[in-house]
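**Q**
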Amino acid sequence: MEGHLNLTLKIWRQKNAQTAGKFETYQVSGISTDMSFLEMIDVLNNRLIEEGDDPVAFDHDCREGICGMCSMYINGRPHGPNRGVTTCQLHMRSFKDGETITVEPWRASAFPVIKDLVVNRSAFDRIIAAGGFISVNTGNAQDANNLPINKDNADDAFAAAACIGCGACVAACKNASAMLFTSAKISQLALLPQGQIEAATRAQAMVAQMDEEGFGACSNTGACEAECPKGISIENIARMNREYFSATFSSK
Amino acid sequence: MAWLTKSLNSSLGKKLLMAITGLFLISFLIVHCGLNATIFLNDGGVAFNEGAEFMGTNPIIRVMEIVLFAGLLLHIFDGLRLWLDNKKKRPVSYAVVDGAANSKWYSRSMGLLGTLLLLFLIIHLKHFWYFSRLTNDLTEAHTLYNEMQIVFESPIVVIIYVLGCISLGYHLLHGFQSAFQSLGWNHPKYSPTIKSIGAIYAVVISATFASMPIAFYFHLIH
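Structure representation (structure tokens):
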């Protein structure tokens, strides 16, 4: 049933990457419990614009949980208190009337703040560009069962490919590590026959790029897996380790 | 060999080194704990002293002692290196962090637990390793068992040892299964078993070690 909330928002405001940011406190009232978290910020922004203030900058695109753009760190967790959802799929019924909500951008040296809650995640693009591709022509869609792929492997590859590159894994990790992301992008190809051609160089190239971008190492806390809106498993990180070390010893 | 050093200096390589040295130290703890547990035979330390004598004189064991220190130092060095690297990766920290929502506190505190263990280890080595290896105080009349009896007369020492064992238990609880993950050993068939063995190992080893100073202090063994 629809209710209405009065909330106190502590939102990180930062003009650009060069200036230091700080928290600003805002009161919002009459927030419908059916609103998504982003719609709640929209309500705040409408008011800020009417008052002649600078609206809160935040990333968003599809608003249906598949694009990976929305990236808020809400009350100490990426994408807020619920598991398996992005911020656009987080609804205000998850909060209590009178609650104070702290909203921060992803914090990582590899994800510099562009403005307010918007961070630059192009480091992810460069990791993919380093090796997250195959160079065989896959042709048109094949008839079913034409490709020599085991069903379990196809499922695992598909599960890894569900990664939307939102960066929640980096945001959740105490080391700001991009292992879950990188391992998902390696796994989705390593599990398929088409991915074998570059298998030896892919893991090495992508891990090298990941390190160069300034992401941390893995402490195996499992925080990334718990916070991933797409439920990417840390089994992928173990697979990346295998791919990387076997490439270390077998590559020329 | 540049390929090997490059690989071992990567974020994954550092963790591989951590896992290999960690598992080596885990294997050592089984020997250490098993040998020390002979005090519970309540034979006045006869079996324990025989074991200690063997460990102190057998040439293969003496060589392994050097390997053990090398492994320990590598584990410490690598852990320190990882900690220094990792803390640079988030220059602006979060105002609010709800870590408990997604991970165990001890998995996030391996550096802290390791540091506590190192402090404990310095005290522990001073007590027994220094006594038996670097002084001439170890005699037929004053055995390592006697030294344990003397050292564990102090309640403060007993408390330090128990706290050290608690740190060890949590360090192992995460470290055991984490080592396998770093080595790439995550498999639906084996991982649940590895996790269970790790948990049992952590509890049994730390509880057995902790019971030793307590048993001496309360004169439960003679």
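If you read the protein sequences in the order shown, they are chains A and B. Adding 1461 to a residue's 1-based position in the first sequence gives its number in my numbering. Adding 6 to a residue's 1-based position in the second sequence gives its number in my numbering. We put the CB at the ideal spot given by N, CA and C, even for glycine. Note that this is a predicted model, so its numbers are computed, not measured.
Alpha carbon to alpha carbon, what distance is there between A:A1684 and B:G247?
**A** The shown model of chain B, from 7 to 228, leaves out residue 247 of chain B, and the question about it has no answer.
**Q** Look up A:L1608 in the DSSP assignment and say whether it is helix, strand or coil.
**A** coil
**Q** Using a Cβ-Cβ cut-off of 7 Å (strictly less than) and excluding sequence neighbours within five positions of A:C1627, which residues of its own chain qualify?
**A** G1529, S1532, T1547 and P1690
**Q** On the criterion of 16 or more Cβ atoms from any shown chain inside 10 Å, does A:V1564 qualify as buried, or is it exposed?
**A** buried
**Q** Counting Cβ pairs closer than 8 Å, one from the stretch 1695-1702 of chain A and one from the stretch 178-193 of chain B, do we hit at least three?
**A** yes
**Q** At the 8 Å Cβ level, is A:K1691 part of the contact set with chain B, yes or no?
**A** no
**Q** Could you work out which residues of chain B lie near A:T1563, taking near to mean beta carbons separated by less than 8 Å?
**A** From the beta-carbon of A:T1563, the residues of chain B found nearer than 8 Å are A101 and V102.
**Q** Mind listing the chain B neighbours of A:Y1705? Cutoff is C-beta to C-beta under 7 Å, in chain order.
**A** L18
**Q** With a threshold of 8 Å between beta carbons, is B:L122 in contact with chain A?
**A** no
**Q** Would a check of beta-carbon distances place B:G190 closer than 8 Å to chain A?
**A** Yes, B:G190 lies at the interface with chain A (some Cβ there is under 8 Å from its Cβ).
**Q** Can you give me the Cβ contacts of A:V1580 inside the same chain, cut-off strictly under 7 Å, excluding the 5 residues immediately before and after it?
**A** Here the set comprises S1532, P1566, W1567, F1572, P1573 and V1574.
**Q** Please state if the CB of A:L1466 and the CB of A:L1505 are separated by a distance shorter than 8 Å.
**A** With contacts defined by Cβ atoms closer than 8 Å, A:L1505 and A:L1466 do not form a contacting pair.
**Q** Mind checking whether A:L1653 and A:A1623 have CB atoms under 8 Å apart?
**A** No Cβ-Cβ contact shorter than 8 Å links A:L1653 with A:A1623.
**Q** Kindly list, in the order they appear in chain A, the residues whose Cβ is closer than 7 Å to that of B:N92.
**A** N1636, G1677 and A1678
**Q** Touch check for the stretch 140-149 of chain B and the stretch 201-221 of chain B: three-plus C-beta pairs under 8 Å?
**A** no
**Q** Closer than 8 Å by beta-carbon distance: list the chain B residues that pair up with A:D1714, in chain order.
**A** What the structure shows of chain A is the stretch from 1462 to 1713, and residue 1714 of chain A is not part of that stretch, so it cannot be assessed.
**Q** Distance cutoff 8 Å, beta carbons only. Does B:P97 sit that close to anything in chain A?
**A** yes
**Q** Taking A:M1671 and A:A1639 to be in contact with their CB atoms under 8 Å, please state how far apart those CB atoms are, rounded to whole angstroms.
**A** With a Cβ gap of about 5 Å, A:M1671 and A:A1639 count as contacting.
**Q** Where do the N-terminal and C-terminal ends of the alpha helix (DSSP H) with B:N55 fall, by residue?
**A** V52 to T63
**Q** Buried or exposed for B:K94, going by 16 or more other Cβ atoms inside 10 Å?
**A** exposed
**Q** The stretch 126-148 of chain B: which residues have C-beta closer than 7 Å to a C-beta of chain A, in chain order?
**A** Answer set for the stretch 126-148 of chain B: empty.
**Q** Going by beta-carbon coordinates alone, are A:E1659 and A:S1596 separated by less than 8 Å?
**A** yes
**Q** Pop quiz: A:S1712 and A:T1662 are said to be a contact at Cβ under 8 Å. What is the actual Cβ separation, rounded to whole angstroms?
**A** 7 Å
**Q** Return helix, strand or coil for B:N152, following the three-state DSSP convention.
**A** Assigned with DSSP and collapsed to three states, B:N152 falls in helix.
**Q** With distances taken from CA atoms, which of A:V1668, A:D1613, A:R1524 and A:K1576 is nearest A:G1423?
**A** Past the edges of chain A, shown from 1462 to 1713, lies residue 1423 of chain A, and the structure says nothing about it.
**Q** Which residue wins for smallest C-alpha separation from B:I165, given the options B:S16, B:I67 and B:M218?
**A** B:M218
**Q** Touching or not, the stretch 106-114 of chain B and the stretch 180-188 of chain B, by the rule of three or more beta carbon pairs under 8 Å?
**A** yes
**Q** Check whether chain A comes within 8 Å of B:L88, counting only Cβ atoms and requiring the distance to be less than that.
**A** yes
**Q** At least one CB of chain B closer than 8 Å to the CB of A:T1682: is that the case?
**A** yes
**Q** Express the C-alpha separation of B:V103 and A:M1553 in angstroms, rounding to a whole number.
**A** 20 Å
**Q** Just verifying my parser: in three-state terms, what is the DSSP assignment at A:F1484?
**A** strand
**Q** Can you give the beta carbon distance from A:E1688 to A:P1516, rounded, assuming they're within the 8 Å contact cut?
**A** With a Cβ gap of about 27 Å, A:E1688 and A:P1516 do not count as contacting.
**Q** List, in chain order, every chain A residue whose beta-carbon is nearer than 7 Å to that of B:L22.
**A** F1706
**Q** Give the straight-line distance between the Cα atoms of A:H1521 and A:A1620, rounded to the nearest whole angstrom.
**A** 23 Å
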